[in-house]
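Note that our numbering numbers the sequence shown so that position 66 is 66, with each residue one more than the last. Idealized CB from N, CA, C, for every residue including glycine. Quick caveat, the model's predicted, so the values are computed rather than measured. Below: the structure, in structure tokens.
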Amino acid sequence: MTISLHIETARAALARAAWARGEKPAYDEEAITDLLADMRHWCRNAGIDYDSCDQCAASHYRNEIGSAS
1 MTISLHIETA
11 RAALARAAWA
21 RGEKPAYDEE
31 AITDLLADMR
41 HWCRNAGIDY
51 DSCDQCAASH
61 YRNEIGSAS
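Structure below.
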């Protein structure tokens, strides 16, 4: 997956989250924070360890950035 596709995927997730709340899509820090908080709620409800997922995602990100150089 290209970095551009990762960015578009994140943008789509932000837009869909806003739509689910009945809001206009936003792409700022508040929108990201809201989506991350929503994901924490979802993970807790599903019995998924959010912090473990976050650490894994950070590792993937570092690898992807490293491979983009």
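Checklist entry - Buried or exposed: Ala17, going by 16 or more other Cβ atoms within 10 Å of its Cβ? => result buried
Next on the checklist: Closer than 8 Å is the cut-off here; do at least three beta carbon pairs connect the region 28 to 40 with the region 4 to 19?
Outcome noted: yes
Item to check | Distance between beta carbons of Ala15 and Pro25, contact taken as under 8 Å | outcome: 4 Å
Checklist entry - Checking contacts by CB at 9 Å: is Arg16 closer than that to chain C? => result Among the chains of the structure shown, chain C does not appear; only one protein chain is present.
Checklist entry - If we ignore side chains and look at the alpha-carbon of each, how far apart do Glu64 and Asp51 end up? => result 20 Å
Item to check | Whole-Å CB distance - Cys43 paired with Cys53, under 8 Å assumed | outcome: 7 Å
Checklist entry - For the alpha helix (DSSP H) that contains Asp34, what are its first and last residues? => result Glu29 to Ala46
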